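Data first, discussion second: the structure below is written as structure tokens.
Below, the structure written as structure tokens:
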């Protein structure tokens with residue numbers, strides 16, 4: 012007896028997702044939202060993920076490379092080439108900051124402008140999501156999504 016019939020009995024083939032299911036729509040919306048968030052990056056010759064660095068540096072002027080890597084949960088070796096590329100494209104600069112003049116990272120003027128565009132794009136997408144919801148419905152949706160994310164993070 013081959014193992015295939017046993018496997019098929021224990022693990023039946025997955026059915027196709029229903030196009031009208033809420034989970035399907037949530038996945039579809041997430042994918043499309045991510046694409047919409049990437050457009051302003053690509054338009055400026057940046058890459059997906061650069062936005063995380065840009066937003067982190069907006070709130071942490073003078074962050075060291077190690078602190079930035081820790082905040083973004085990346086290895087310092089993984090973030091260094093990305094930082095070099097962003098510096099080359101005049102998005103970030105390295106500056107001596109603080110009383111000890113430790114070299115830290117900061118957004119350039121161009122980086123600040125890009126951050127403003129990315130923030131506006133984010134706000135526009137979020138407005139489109141919440142446009143038809145009142146405050147109570149927004150809070151309820153937010154709570155449900157947080158709970159769902161926590162369930163998916165369980166080992």
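Numbering (our numbering), first residue to last: 12 to 166.
We put the CB at the ideal spot given by N, CA and C, even for glycine.
This structure is a prediction, so every number in the text was calculated from the model and none was measured.
- In terms of DSSP beta bridges, what is residue 117 paired with? By one-based count along the chain shown, residue 117 stands at place 106. According to DSSP, which records beta bridges pairwise, residue 117 is partnered with 104.
- Query: What is the residue span of the alpha helix (DSSP H) that residue 145 lies within?
  - Reply: If you number the chain shown from 1, residue 145 lands on position 134. First-last for residue 145: undefined, no H or E at that position.
- For residue 87, which residues of its own chain have a beta-carbon under 8 Å away from its beta-carbon, when the five flanking residues on both sides are left out? If you number the chain shown from 1, residue 87 lands on position 76. Excluding sequence neighbours, residue 87 sits near 76, 77, 80.
- Considering residue 87, what are the terminal residues of the alpha helix (DSSP H) in which it resides? For this step, residue 87 is matched to residue 76 along the chain shown. Run containing residue 87: 87-99, per the alpha helix (DSSP H) assignment.
- Task: List the endpoints of the continuous alpha helix (DSSP H) containing residue 51.
- Result: Here residue 51 refers to the residue found at position 40 when the chain shown is read from its first residue. 33-54 is the span of the alpha helix (DSSP H), which, as asked, contains residue 51.
- May I have the straight-line CA-CA distance separating residue 160 from residue 114, to the nearest angstrom? On the chain shown, position 149 is the one that residue 160 refers to. On the chain shown, position 103 is the one that residue 114 refers to. When rounded, the distance between both Cα atoms is 37 Å.
- Task: Determine the burial state of residue 134: buried for a count of at least 16 other Cβ atoms within 10 Å of its Cβ, exposed for fewer.
- Result: Position 123 of the chain shown holds residue 134. Flag for residue 134 reads exposed.
- Proximity winner among 148, 100, 138, relative to residue 58 (alpha-carbon distances): Residue numbering aside, residue 58 sits at position 47 when the chain shown is read from its first letter. Each of 148, 100, 138 was checked against the Cα of residue 58, and the nearest Cα belongs to 100.
- Note down, in chain order, each residue of its chain lying with its Cβ closer than 7 Å to the Cβ of residue 17, except the 5 sequence neighbours on either side. Here residue 17 refers to the residue found at position 6 when the chain shown is read from its first residue. Residue placement at residue 17 is flagged as unreliable, the pLDDT there being 48, under the threshold of 50; the coordinate-derived value follows with that caveat. Excluding the 5 residues flanking it on each side, residue 17 has no same chain C-beta neighbour closer than 7 Å.
- Kindly indicate which residue of 48, 37, 38, 39 has the alpha-carbon position closest to the one of residue 136. The sequence position of residue 136 within the chain shown is 125, counting from 1. Restricting attention to 48, 37, 38, 39, the CA atom closest to the CA of residue 136 is found in 48.
- Message: I need the DSSP call for residue 17, collapsed to helix, strand or coil.
- Response: Reading the chain shown from its first residue, position 6 is the one you call residue 17. Any answer about residue 17 is weak, because its pLDDT of 48 lies below 50 and its placement is not dependable; what the coordinates show is given next. Reduced to three states, the DSSP call for residue 17 is helix.
- Query: Should residue 122 go down as buried or exposed, given a rule of 16 or more other Cβ atoms within 10 Å for buried?
  - Reply: Position 111 of the chain shown, counting from 1, holds the residue named residue 122. It is buried - the Cβ of residue 122 has at least 16 other Cβ atoms within 10 Å.
- Answer with yes or no whether the minimum CB distance from residue 165 to chain D is below 9 Å. Going by chain labels, chain D is absent from the structure shown, which holds only one protein chain.
- Task: Within the same chain, show all residues whose beta-carbon is closer than 8 Å to that of residue 71, passing over the 5 residues directly before and after it, in chain order.
- Result: For this step, residue 71 is matched to residue 60 along the chain shown. Result list for residue 71: 78, 79, 82, in chain order.
- If you draw a straight line from the C-alpha of residue 60 to the C-alpha of residue 98, how long is it? Counting from one through the chain shown, the residue named residue 60 turns up at place 49. Counting from one through the chain shown, the residue named residue 98 turns up at place 87. Looking at the backbone, the Cα of residue 60 and that of residue 98 are separated by about 15 Å.
- Is the beta carbon of residue 73 sitting closer than 9 Å to the one on residue 37? In the chain shown, residue 73 corresponds to position 62, counting from 1. In the chain shown, residue 37 corresponds to position 26, counting from 1. Taking 9 Å as the Cβ cut-off, residue 73 and residue 37 do not qualify as a contacting pair.
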